[in-house]
Amino acid sequence: MPNLTFSFWSLIPAVVFSFFSFWRRLKEDYQEEAIFGLSLLLLTGLSVVAVLTSLFIKINGVVFPIVYFGAALILKVWALKTKSNLWEIFDALTLPLFYLLFFAGIGSFLSSNNFWDLKYLGAALVSCLVYLLSKNKYRSFSWYKSGKTGFLFWEASFVIFLLLSVLAFIDTNVLYFEGIIFILLTIASVEVIYYRAERNLKNDLKKLFRKK
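Convert by adding 110 to the 1-based position in the sequence shown; the result is the number in my numbering.
Quick look at the structure:
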């Protein structure tokens, strides 16, 4: 039986670092009460989602995707209610996403002693590297002329879910269903980036076929 204590204690530094990072990113544009309220809402809501998913679905691989979707939904509702910039808040959640995957990956590995549980740790490190390389340059990308906020979070999501998709099909112990979920989230991340880039699909397709 896996030692779930490791998994629990690994989430404590994840929460601490995430709260601090989230506050630091938003403190200049939002009141501290609003940041604390949203942070508490995310922590409470996602904890409930994670517990209910574990109890009723009982497929370890789908907990993270469902929690991820829950976070996006909570942010969407909160932004609409407070009339805040949703995309700015998404970007503020980029580092917390790394911290969650990093520490949860360590805890999951120590709990199960399963080498494949390090995939979350690996995905966090790779996506963090991509984030560091692009955070000050993405506005100058030729294919992202809009330069709008939200890119960093969805770029990180794309890298994370792409890596998890590949690893899901390599690991023979992972259910086919889990791999499909990761692929769908990878595609969704690309679609959001494309939407924020304000590109025109019809024009892009014309240019693509002209080159051929």
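All C-beta atoms, glycine included, are put in the ideal place defined by N, C-alpha and C.
_beta-carbon LEU273 near the ligand COA non-hydrogen atom, thresh 8 Å_ = This structure simply doesn't include the ligand COA, nor any ligand for that matter.
*What is the DSSP secondary structure of LEU203, counted as helix, strand or coil?*
Position 93 of the sequence shown holds residue 203. DSSP places LEU203 in coil when its eight states are reduced to three.
*Rounded to the nearest angstrom, how far is the Cβ of TYR241 from that of LEU262, given a contact under 8 Å?*
Residue 241 sits at position 131 when you count from the first residue of the sequence shown. Residue 262 sits at position 152 when you count from the first residue of the sequence shown. About 6 Å separates the two Cβ atoms, so the contact holds.
*What whole-angstrom Cβ distance do LEU183 and LYS229 have, given they're in contact under 8 Å?*
Start at 1 with the first residue of the sequence shown, and residue 183 comes out as number 73. Start at 1 with the first residue of the sequence shown, and residue 229 comes out as number 119. Incorrect: roughly 25 Å between the Cβ atoms, too far for contact.
*GLU308 versus LYS255: straight-line alpha-carbon distance, rounded*: By 1-based counting over the sequence shown, the position of residue 308 is 198. By 1-based counting over the sequence shown, the position of residue 255 is 145. Straight-line Cα distance between these residues: approximately 8 Å.
*Taking ILE216 as the reference, give the member of PHE268, SER120 and LYS191 with the closest Cα.*
The sequence position of residue 216 within the sequence shown is 106, counting from 1. Ranking the options by Cα distance to ILE216, first place goes to SER120.
_So, for LEU235: in the same chain, excluding its five sequence neighbours on each side, which residues have a beta-carbon less than 8 Å away from its beta-carbon?_
Counting from 1 along the sequence shown, the entry for residue 235 is found at position 125. Taken in chain order, the residues that qualify are PHE212.
_CA nearest to the CA of PHE127, picked from SER222, GLY155, LEU207 and GLY232_ = The residue you call residue 127 lines up with position 17 of the sequence shown. The shortest C-alpha separation from PHE127 is found at LEU207.
*Alpha-carbon to alpha-carbon, LEU165 and ASP201*: Position 91 of the sequence shown holds residue 201. Position 55 of the sequence shown holds residue 165. Rounded to the nearest whole angstrom, the CA to CA distance from ASP201 to LEU165 is 31 Å.
*State yes or no: is the beta carbon of LEU165 nearer than 9 Å to at least one beta carbon in chain C?*
No chain C appears in this structure, which consists of one protein chain only.
_Cβ distance (whole Å) where LEU205 is taken to contact SER267 below 8 Å_ = Locating residue 205 in the sequence shown gives position 95, where the first residue counts as 1. Locating residue 267 in the sequence shown gives position 157, where the first residue counts as 1. That pair is no contact at about 13 Å.
*Please classify SER299: is it buried, with 16 or more other beta-carbons within 10 angstroms of its beta-carbon, or exposed?*
Here residue 299 is taken as the residue at index 189 of the sequence shown, counted from 1. Buried, by the Cβ-count rule.
*Quick one: complete beta strand (DSSP E) runs, 3+ long, within the stretch 241 to 269?*
Along the length of the stretch 241 to 269, whole beta strand (DSSP E) runs at least 3 residues long do not occur.
*Have a look at ALA181 and PRO175 and give me their C-alpha separation to the nearest angstrom.*
Here the question's residue 181 lines up with position 71 in the sequence shown. Here the question's residue 175 lines up with position 65 in the sequence shown. The straight-line gap from Cα to Cα measures roughly 10 Å.
*Do you know how far the Cα of LEU136 is from the Cα of SER244?*
Residue 244 sits at position 134 when you count from the first residue of the sequence shown. Residue 136 sits at position 26 when you count from the first residue of the sequence shown. If you take the alpha carbons of SER244 and LEU136, they lie about 20 Å apart.
*Option in ARG249, TRP264 and GLU301 with minimal Cα separation from TRP197*: Locating residue 197 in the sequence shown gives position 87, counting from the first residue. Closest option to TRP197, judged by alpha-carbon separation, among ARG249, TRP264 and GLU301: TRP264.
*Collapsed DSSP secondary structure at ALA124 in the structure displayed*: Sequence index remark: in the sequence shown, residue 124 carries index 14 (1-based). Per DSSP, reduced to three states, the secondary structure at ALA124 is helical.
*Just the C-alpha distance for TYR286 and VAL173, rounded to the nearest angstrom, thanks.*
Your numbering for residue 286 matches position 176 in the sequence shown. Your numbering for residue 173 matches position 63 in the sequence shown. Taken atom to atom, the span from the alpha-carbon of TYR286 to that of VAL173 is near 15 Å.
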